[in-house]
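Enquirer:
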Amino acid sequence: MNKYQVVFSPAAQRDIEALDTADVLQVVRDVKSYLETSPLPFGKQRIKKMTGFKPPLYRLRSGDFRAYYRIAGDTVIILAVTDRKASEKVLRKIR
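In terms of our numbering, the sequence shown is numbered consecutively and its last residue is 87.
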């Protein structure tokens, strides 16, 4: 099984720093457990490939938060971590 390297972009780093400790722990735990082993959607409800993005953009659901990421080789790059209510605004920026 491939192990992917997960990297937080500077913007995602700032997003994480703005969250409460409990939320940070939850998001980081989910990112590690899902994205280090299998970042592609495969029957998992938590991971979704977003439509209309080139290169492909994926979303990981973690409680009330969403982590948006891209895959480059064996590296998963987290572009943004946001509350689900703010997702639309973040997606417009990533596009």
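For every residue, glycine included, the Cβ atom is placed at its ideal position computed from N, Cα and C.
What whole-angstrom Cβ distance do Ala64 and Val73 have, given they're in contact under 8 Å?
Expert: Within the sequence shown, the letter at position 72 stands for residue 64. Within the sequence shown, the letter at position 81 stands for residue 73. Their Cβ separation, rounded to whole angstroms, is 18 Å, which puts Ala64 and Val73 out of contact at 8 Å.
Enquirer: Enumerate in chain order the residues of its own chain whose CB-to-CB distance from Val(-1) is below 8 Å, with the five nearest sequence positions on each side excluded.
Expert: Within the sequence shown, the letter at position 7 stands for residue -1. Hits under 8 Å: Thr67, Val68, Ile69, Ile70.
Enquirer: Do Gln(-3) and Gly55 count as a contact pair if the criterion is CB distance below 9 Å?
Expert: Looking up residue 55 in the sequence shown gives position 63. Looking up residue -3 in the sequence shown gives position 5. Their beta carbons are not under 9 Å apart, which means Gly55 does not touch Gln(-3) by this criterion.
Enquirer: Which residues in the same chain as Ser79 place their Cβ atom closer than 6 Å to its Cβ, once the five residues preceding and following it in sequence are excluded?
Expert: Position 87 of the sequence shown holds residue 79. Only Arg58 meet the Cβ criterion.
Enquirer: Please name the residue or residues paired with Thr74 in a DSSP beta bridge.
Expert: Position 82 of the sequence shown, counting from 1, holds the residue named residue 74. Per DSSP, Arg58.
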